[in-house]
Amino acid sequence: MIARLIEGVPRRTLAMLAALLIALIAAPLVSGDYLLTVMILILYFAYIGQAWNIMMGFAGQLSLGHALYVGLGAYTAAALYVHYGIGPWIGLLVAVPIAALAGAFIGFLAFRFRVAGVYFAILTIAFAEFARVGFDHLAWTSGSSGLFLPVAQYTHNDLWLLRGHPVMFYYVILAATALAFIICRALLQSRVGYFWLAIREDEEAARSAGIDTFHYKMVAVVISAGMTSFAGVFYAFFYNNLFPEQVFHISRSIEIILGPIVGGIGTLFGPILGALLLTGLAETLTAALAALGVDLPGAKQVFYGICLLLVIVALPDGVWPWLARKLGVRERKS
Amino acid sequence: MPAEVYLNVAVGGVLAGLVYGLMALGLSVIFGVVRVVNFAHGEMMTIAMYLAVVLFSAFHLDPLLMLVPISAVLFVFGYALQAGVINRFITRPEHSQFLLLVAIAIIMVNVLLIIFGPDAQNVQTSYSYDSFQIGALIVDATKLYAGCAAIVVAAALFAFFRYTTLGTAIRACADNYTGALVVGLDVHRLYALTFGLGAACVGAAGVMLVLIVDVTPALGPAYTLLAFVIVITGGLGSMPGALLGGVLIGFTEAMAGLLFTPSAKSMFAFAILVLVLLFRPQGIMGKRAA
Amino acid sequence: MTALLKVDAVSKRFRGLLAVDRVSFEVPEGSIFAVIGPNGAGKTTLFNMIAGVFAPNDGAISFNGERIDGLTPDKVCRRGIGRTFQLVRPFPALSVEDNVIIGALLHRPHVETARERAHEVLRRLDLYDKRAQRASGLTLPDRKRLEVARALATDPKLLLLDEVMAGLRPTETDRMVAILTSLNRDTGLTILLIEHVMRAVMALASRILVLHHGAAIAEGAPEAVVREPAVISSYLGAEAIT
Numbered sequence: 257m258i259a260r261l262i263e264g265v266p267r268r269t270l271a272m273l274a275a276l277l278i279a280l281i282a283a284p285l286v287s288g289d290y291l292l293t294v295m296i297l298i299l300y301f302a303y304i305g306q307a308w309n310i311m312m313g314f315a316g317q318l319s320l321g322h323a324l325y326v327g328l329g330a331y332t333a334a335a336l337y338v339h340y341g342i343g344p345w346i347g348l349l350v351a352v353p354i355a356a357l358a359g360a361f362i363g364f365l366a367f368r369f370r371v372a373g374v375y376f377a378i379l380t381i382a383f384a385e386f387a388r389v390g391f392d393h394l395a396w397t398s399g400s401s402g403l404f405l406p407v408a409q410y411t412h413n414d415l416w417l418l419r420g421h422p423v424m425f426y427y428v429i430l431a432a433t434a435l436a437f438i439i440c441r442a443l444l445q446s447r448v449g450y451f452w453l454a455i456r457e458d459e460e461a462a463r464s465a466g467i468d469t470f471h472y473k474m475v476a477v478v479i480s481a482g483m484t485s486f487a488g489v490f491y492a493f494f495y496n497n498l499f500p501e502q503v504f505h506i507s508r509s510i511e512i513i514l515g516p517i518v519g520g521i522g523t524l525f526g527p528i529l530g531a532l533l534l535t536g537l538a539e540t541l542t543a544a545l546a547a548l549g550v551d552l553p554g555a556k557q558v559f560y561g562i563c564l565l566l567v568i569v570a571l572p573d574g575v576w577p578w579l580a581r582k583l584g585v586r587e588r589k590s
Numbered sequence: 004m005p006a007e008v009y010l011n012v013a014v015g016g017v018l019a020g021l022v023y024g025l026m027a028l029g030l031s032v033i034f035g036v037v038r039v040v041n042f043a044h045g046e047m048m049t050i051a052m053y054l055a056v057v058l059f060s061a062f063h064l065d066p067l068l069m070l071v072p073i074s075a076v077l078f079v080f081g082y083a084l085q086a087g088v089i090n091r092f093i094t095r096p097e098h099s100q101f102l103l104l105v106a107i108a109i110i111m112v113n114v115l116l117i118i119f120g121p122d123a124q125n126v127q128t129s130y131s132y133d134s135f136q137i138g139a140l141i142v143d144a145t146k147l148y149a150g151c152a153a154i155v156v157a158a159a160l161f162a163f164f165r166y167t168t169l170g171t172a173i174r175a176c177a178d179n180y181t182g183a184l185v186v187g188l189d190v191h192r193l194y195a196l197t198f199g200l201g202a203a204c205v206g207a208a209g210v211m212l213v214l215i216v217d218v219t220p221a222l223g224p225a226y227t228l229l230a231f232v233i234v235i236t237g238g239l240g241s242m243p244g245a246l247l248g249g250v251l252i253g254f255t256e257a258m259a260g261l262l263f264t265p266s267a268k269s270m271f272a273f274a275i276l277v278l279v280l281l282f283r284p285q286g287i288m289g290k291r292a293a
Numbered sequence: 068m069t070a071l072l073k074v075d076a077v078s079k080r081f082r083g084l085l086a087v088d089r090v091s092f093e094v095p096e097g098s099i100f101a102v103i104g105p106n107g108a109g110k111t112t113l114f115n116m117i118a119g120v121f122a123p124n125d126g127a128i129s130f131n132g133e134r135i136d137g138l139t140p141d142k143v144c145r146r147g148i149g150r151t152f153q154l155v156r157p158f159p160a161l162s163v164e165d166n167v168i169i170g171a172l173l174h175r176p177h178v179e180t181a182r183e184r185a186h187e188v189l190r191r192l193d194l195y196d197k198r199a200q201r202a203s204g205l206t207l208p209d210r211k212r213l214e215v216a217r218a219l220a221t222d223p224k225l226l227l228l229d230e231v232m233a234g235l236r237p238t239e240t241d242r243m244v245a246i247l248t249s250l251n252r253d254t255g256l257t258i259l260l261i262e263h264v265m266r267a268v269m270a271l272a273s274r275i276l277v278l279h280h281g282a283a284i285a286e287g288a289p290e291a292v293v294r295e296p297a298v299i300s301s302y303l304g305a306e307a308i309t
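Protein chains in written order, with the numbering used here: chain A, 257 to 590; chain B, 4 to 293; chain C, 68 to 309.
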């Protein structure tokens, strides 16, 4: 199993990966609570970025509504916990199919009716907005007043119910991110991965090479939506509160996809690097402005926007393809 | 509820819809020609709204009189944006353009936030609470003025594209990029002009909207979304479609707010969008691609 | 020889314009069949109907004894018809090898067996040495051969080639002709080509169909067809025969 995983990976890449993984596993030993929270955030975005990348980076379908799947996952698991005391891992077994089904529904409509490109992107926004307004009025999840998970001082970490110290959450999301990376790599190197790339590159040519593009686009949206919903479950149990206005908002969907685009769309390291850079940038800006005594709401976001602008102007393919060349490692496909 | 209430709300919705339509017209013109989806559209509108607020509160200049100057400012802004940044991105993939405009939008929202703070601001003109009564129908003066002004601006834009050489050149550019290059049109300059015109449209819409709604820096994204909904409903790239889509969405939102709950009204706009995307993807007025 | 592809009285209208008008022909198994005709004669429309891009308004298309008209392009390909595009469209950001692996994966579940097949095809098309390059960086002749390679990797019984010689220099044309000839000879692959380059048509085809204004005006062996007065006046012109 492990032998198959690392097959064909250059030594140098492998060494860097191992070092990174060890550093990440050891990190909580040396980092304080603040740094730990930041790292959880980075891994969280790396995880969702990876899931989103399956749709856009691999299969070429630009989804701007991934907050929908995060929200569905979050609300399903949280509601099951709040109402019936059902733990998050069982909740996940319900949340994943629900999100996957929502993805399948949107995908079916879009791909059957040939809604593509910008139109597809806007269709995905529309469904996320539907959910936002819908959950605002859904009494079962307390509507717009928000759904809260009971919080208490925990004496020990309960992994089964995901109640406890941030360190536990850190390891959970680290494991999830590592797993997502492995899944994505396996997908990319499989038959379905090749077909996705073909569809991304030229759908008509893909069809004429015998690929049932509808089928494979459906596979992409279902896997991506299902994977994304886990991030929602995590979000619910980490933050303990959910508001439709926040969870399903278009700005959440945008936040999700900035990482992979900045990092390098369609690459395996892009989503991770992008999450690191953007979250790191945001936190650095906060710290820097605080140190300078600047207390202007919006100042941080202006710098953030300018940095985004500079990156996209200077590195159109994202940071990772550029960095990979500098480091002398190469991802075979991008 | 008496029937007049429905009529009044419907007419109010249609008039607001004309302003929405003008805003969407800007997006449609930009997409139709430059083929870039302006994800900072609503944000550009909030800039115009704040300009109107400032001019009114500082100098007591009536927004309707400031329509042309503010549109001109937005034109210059849009021209500079296209010429300076976006022109480099026209051959890049959609997600790259998307990121660029999202970055621009983030900067716009937060610069406004720094300057004006998060609180809602508005314009209280002498006619803010006036209304006209025609039989049972009561129409707010602000909405009526705004709706009429929207029609005038839209008509001017139609005339520009139809009857001027420059307008024709821009349409040629939209129809056939390579062809336009071949016959020696300066495509980048025409793109900048178009983006400027789109910005002027949304600027004019903003000036009128400030009469109807309060402005906050965070208003942008919601209106960007609204503009998308309208433009796709009417037909991306179709100018009459944008106005018609605006009226349709304005009407629907007003009625939904009356019949259901105001907080659910955007759901109806999106429902229309989804139906249009599925059953008439070229939009109500759009031409079907061959 | 039995007919592998049978086109029976096929017509296609575009908003009143009759692009293809009751065209019938049969492509025998193992043959190389060419469709020629002036621009706008309906060649590409005919081709697209066979490939499943659109369905004919009238008539029937059978492949291997089964109706295929109205099937989608991917289904047509899975039945055993590979195609190229007039304006080449390899997957630009992918390597030459990956382009061909994608074709080979159609009938192979595993990437490694598909890679073996891809290498085989790449060697045949003189692209093996360039397998690691990005498709977008190839020259036009290479990209044309890559299109053929990708189609060939899907293990077709019939290969549809849409003007693969167009834009090639004579040496490149000869190279393509040699490759196609050897493919046909060694593997028994049936080839249907639309072509303007008469030099290639005469060298390759065992039968020719001439289209003009959507209708078939001549069909037969190449030497006979190019001497028919109707063909000369409508398409070839006097100077082209020699």
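Using N, Cα and C, we set each Cβ at its ideal position, and we do this for glycine too.
Note that the C-beta distance between F367/A and M474/A is below 8 Å.
By the Cβ-count criterion, V264/C is buried, with 16 or more other Cβ atoms from all chains shown falling within 10 Å of its own Cβ.
Where G341/A is concerned, there is no enclosing alpha helix (DSSP H), because DSSP gives it neither an H nor an E.
Residue environment for Q136/B: exposed (fewer than 16 other C-beta atoms within 10 angstroms of its C-beta). For the beta strand (DSSP E) assignment, the segment 147-188 of chain B encloses no uninterrupted run of at least 3 residues.
Of all C-beta pairs linking the segment 319-328 of chain A to the segment 380-397 of chain A, three or more are shorter than 8 Å, placing the two stretches in contact. Within chain B, the residues whose beta carbon sits less than 9 Å from that of G373/A are E97, listed in sequence order. If only uninterrupted beta strand (DSSP E) runs of at least 3 residues are considered, those enclosed by the segment 90-164 of chain C are 99-103, 125-130 and 148-150. Between A108/C and S91/C, the C-beta gap is not smaller than 8 Å, which leaves the two residues out of contact. Per the coordinates, the alpha-carbon of V448/A lies some 21 Å from the alpha-carbon of S485/A. Taking a C-beta cut-off of 9 Å against chain C, none of the residues of the segment 428-439 of chain A qualify. Using a Cβ-Cβ cut-off of 8 Å, P176/C counts as an interface residue toward chain A, since at least one Cβ of chain A sits closer than that to its own. A residue is called buried when at least 16 other Cβ atoms come within 10 angstroms of its Cβ; K582/A does not meet this threshold and is exposed. Where F135/B is concerned, the enclosing beta strand (DSSP E) starts and stops at S134 to I137. For A272/C, no beta strand (DSSP E) encloses it, and the DSSP letter there is neither H nor E. Counting only runs of 4+ residues, the alpha helix (DSSP H) found wholly inside the segment 452-520 of chain A occupies 459-464, 469-495, 500-503 and 506-519, in chain order. Remark: C-beta atoms of P266/A and L116/B do not approach each other more closely than 8 Å.
Chain A has a Cβ within less than 8 Å of the Cβ of P284/B. Between the segment 172-190 of chain C and the segment 107-125 of chain C there are fewer than three C-beta pairs closer than 8 Å, too few to call the two in contact. For L222/B, there is no enclosing alpha helix (DSSP H), as DSSP marks it with neither H nor E. Contact annotation for R150/C against chain A: S464 [CB-CB distance below 8 Å, chain order]. Within the DSSP bridge table, the entry for E286/C names L276/C as partners. Note on I168/C: 16 or more other CB atoms within 10 angstroms of its CB, so buried under the neighbour-count rule.
Residues S78, G281 and A282 of the same chain have their beta carbon placed closer than 7 Å to that of D88/C, with the five preceding and five following residues left out of the count.
Of all residues in the segment 380-404 of chain A, only I381, A382, F383, E385, F386, R388, V389, G390, D392, H393 and S400 come within less than 9 Å of chain B when Cβ atoms are compared, listed by chain position.
Relative to the Cα of A334/A, the nearest Cα in the group A461/A, G466/A, G313/A and A492/A belongs to A492/A. The Cβ of P265/B sits no closer than 8 Å to any Cβ of chain A. F81/C has L84/C as its beta-bridge partners, per DSSP. Using a CB distance cut-off of 8 Å, F273/B counts as an interface residue toward chain A.
Here DSSP, grouped into helix, strand and coil, assigns F263/B to coil. Excluding five sequence positions before and after L147/B, the CB atoms of its chain that fall closer than 8 Å to its own CB belong to L18 and F135, given in chain order. Looking from the CA of P265/B, the closest CA among H339/A, L533/A, L430/A and V389/A belongs to V389/A. Runs of the alpha helix (DSSP H) lying entirely within the segment 344-399 of chain A and spanning at least 4 residues, in chain order: 344-368 and 373-392. At a cut-off of 8 Å between C-beta atoms, P123/C does not count as an interface residue with respect to chain A. Secondary structure note for T257/C: its beta strand (DSSP E) is the uninterrupted segment T257 to I261. Note on geometry: alpha-carbon atoms of I342/A and V503/A lie some 21 Å from one another.
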